[in-house]
Every structure is written in C-alpha cells, then in structure tokens.
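Novice: First, the structure itself, so that you have it in front of you.
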C-alpha cells in the first residue's frame, strides 16, 4: 500500500442527526474497507472555511459553511486507494490536497 492515497470521509450533520452513522460505517466494512481513524466532532467555522477554501468565491460558500457548522459531523479516514471522487446522499469523499481535504 505504498502508493495508497489517504481519503477523508465525512458524515454530514443531517446524516448524524438522522442516526445513519452506524449504517454508513457498516456498509463500508461490508465492502471490505478498513477505517484507520474516526472522530465525532463539531467542526469550527475556521476549520470549515479552510477545508472548503477552494469554494470561497462561490455563491453558496457561506451557506455551506453554515450548514456544516449546524451540527456534529463524523470524520473518518479509510485505508483504500481513491481513483474517483464520489458524492453520495450523506457521505462525501475529498482527496487530500496540500494537507486539506
């Protein structure tokens, strides 16, 4: 796994609020993925602004930061190779870029 790229996964506030955390983790594990890190957290506005820095000039930026700050998120680090960026209903994947996802 020397060339394996680390990928950040977050369960967004609505997924946490709806009680989907366990089911989402279970689905990853059933597919054979292994989590190497997991953190339940309330992301600060500063952290979110840094994480989404590439979107700062987009008209939805302020709303995105407000939404992601509206409740806790579950941040996870799986151990697998990311070849594409996928967006699902309550999960998003972002490749690490210059130390931020």
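Numbering (our numbering), first residue to last: 158 to 258.
We put the CB at the ideal spot given by N, CA and C, even for glycine.
Here the structure is a predicted model, which is why all the values come from computation and not from measurement.
With burial defined as no fewer than 16 other Cβ atoms inside 10 Å of the residue's Cβ, what is the status of residue 216: buried or exposed?
Specialist: One-based indexing of the chain shown puts residue 216 at position 59. So residue 216 ends up on the exposed side.
Novice: Assuming residue 170 contacts residue 233 (C-beta within less than 8 Å), just tell me the rounded distance between them.
Specialist: The sequence position of residue 170 within the chain shown is 13, counting from 1. The sequence position of residue 233 within the chain shown is 76, counting from 1. Beta-carbon to beta-carbon, residue 170 and residue 233 are separated by about 15 Å, too far to satisfy the 8 Å threshold.
Novice: Would you mind giving the Cβ-Cβ distance between residue 173 and residue 228, rounded to the nearest angstrom? I have them listed as a contact below 8 Å.
Specialist: Sequence index remark: in the chain shown, residue 173 carries index 16 (1-based). Sequence index remark: in the chain shown, residue 228 carries index 71 (1-based). Contact flag correct, Cβ pair sits at about 6 Å.
Novice: Applying the criterion that 16 or more other CB atoms from any shown protein chain within 10 Å of the CB defines a buried residue, is residue 167 buried or exposed?
Specialist: Taking the chain shown and counting its residues from 1, one reaches residue 167 at position 10. It is buried - the Cβ of residue 167 has at least 16 other Cβ atoms within 10 Å.
Novice: Going by DSSP, name the residue or residues bridged to residue 231.
Specialist: The residue you call residue 231 lines up with position 74 of the chain shown. Paired residues: 168, 197.
Novice: Suppose the cutoff is 6 Å on Cβ atoms and the five residues either side in sequence are ignored; what does the same chain contact list for residue 212 look like?
Specialist: Residue mapping note: residue 212 aligns to position 55 of the chain shown, counting from 1. Correct list, in chain order: 218.
Novice: Are there 16 or more other CB atoms within 10 angstroms of the CB of residue 181, so buried, or fewer, so exposed?
Specialist: The residue you call residue 181 lines up with position 24 of the chain shown. Buried, by the Cβ-count rule.
Novice: Is residue 192 near residue 235, with beta carbons less than 8 Å apart?
Specialist: Taking the chain shown and counting its residues from 1, one reaches residue 192 at position 35. Taking the chain shown and counting its residues from 1, one reaches residue 235 at position 78. Result yes, Cβ atoms of residue 192 and residue 235 sit closer than 8 Å.
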